[in-house]
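Have a look at the structure below before the remarks.
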Amino acid sequence: MAALFNYGALILCGKVGEDPFVTWMSVAGAIVQAIYLTVFLKCSTPAHRRWWLVCCVPPAIAYVVLLCFYCAGRTAHFDVVCAVSGVVQAFSPLLNAHTIYQTMSMEGMPPWPLPLASLLNSAIWTRYAFAGTEVLTSMAAPHITTLVTATIQLLLHAFCYAVQWPELSDLGE
1355 MAALFNYGAL
1365 ILCGKVGEDP
1375 FVTWMSVAGA
1385 IVQAIYLTVF
1395 LKCSTPAHRR
1405 WWLVCCVPPA
1415 IAYVVLLCFY
1425 CAGRTAHFDV
1435 VCAVSGVVQA
1445 FSPLLNAHTI
1455 YQTMSMEGMP
1465 PWPLPLASLL
1475 NSAIWTRYAF
1485 AGTEVLTSMA
1495 APHITTLVTA
1505 TIQLLLHAFC
1515 YAVQWPELSD
1525 LGE
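Residue 1449 in the numbering used here is what sits at position 95 of the sequence shown, and the numbering runs on without skipping anything.
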């Protein structure tokens, strides 16, 4: 849900900054996240579905407020909103990293190709953020954070593989 909110905020940031590349890439990202969320909700139990739907309410309300500010022309701090929501999105996969390390179970961690793809994607977006004459804060902060969190996830996978945890026999395949 954090990713979906972040892409929604980036769509508005791209429109405010008149950057069609950011706008359309964010639209594509939002579509992918919406499909992922739909599949996730479809595959979860009814109890988990209710819990996730309740968790969707605060970001949905926040996005409606953001849309109201956009429609009213109050867009001065959109880059800060994009940066903060991106950093929150980047840290979300690490919410269970401590538990994974303590329990020695990779059940709550995405398979290794996902953090690797995240790492490569963030490297490209970080390069884009620093490519112009001014640094795009709304792009740089979240993607630098994602570089760090994806690296931590990959290190956890490498550590798990090195100590031969039983759940890793397939390495996410």
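Positions of the beta carbon are idealized from the N, C-alpha and C atoms, including for glycine.
Of the listed residues the options, nearest to residue i (C-alpha basis)
i, options, result
"residue 1376", "1483, 1503, 1474 and 1502", "1483"
"residue 1413", "1467, 1362, 1501 and 1506", "1362"
"residue 1433", "1515, 1516 and 1373", "1373"
"residue 1454", "1391, 1506 and 1396", "1506"
"residue 1465", "1515, 1371, 1391 and 1439", "1515"
Collapsed DSSP secondary structure at residue i in the structure displayed
i, result
"residue 1497", "helix"
"residue 1377", "helix"
"residue 1466", "coil"
"residue 1367", "helix"
"residue 1511", "helix"
"residue 1484", "coil"
"residue 1430", "coil"
"residue 1399", "coil"
Test item: CB-CB of residue i and residue j under 8 Å
i, j, result
"residue 1470", "residue 1510", "no"
"residue 1422", "residue 1364", "no"
"residue 1426", "residue 1472", "no"
"residue 1445", "residue 1499", "yes"
"residue 1416", "residue 1359", "yes"
"residue 1441", "residue 1495", "yes"
"residue 1391", "residue 1403", "no"
Own chain partners of residue i with C-beta closer than 6 Å, once the 5 adjacent residues on each side are dropped
i, result
"residue 1357", "1387 and 1443"
"residue 1497", "1476, 1479 and 1480"
Close-in-space but distant-in-sequence residues of the same chain around residue i (CB under 7 Å, 5 per side omitted)
i, result
"residue 1381", "1365"
"residue 1369", "1377"
"residue 1438", "none"
Exposure of residue i, with buried meaning 16 or more beta-carbon neighbours within 10 Å
i, result
"residue 1405", "exposed"
"residue 1384", "buried"
"residue 1449", "exposed"
"residue 1420", "buried"
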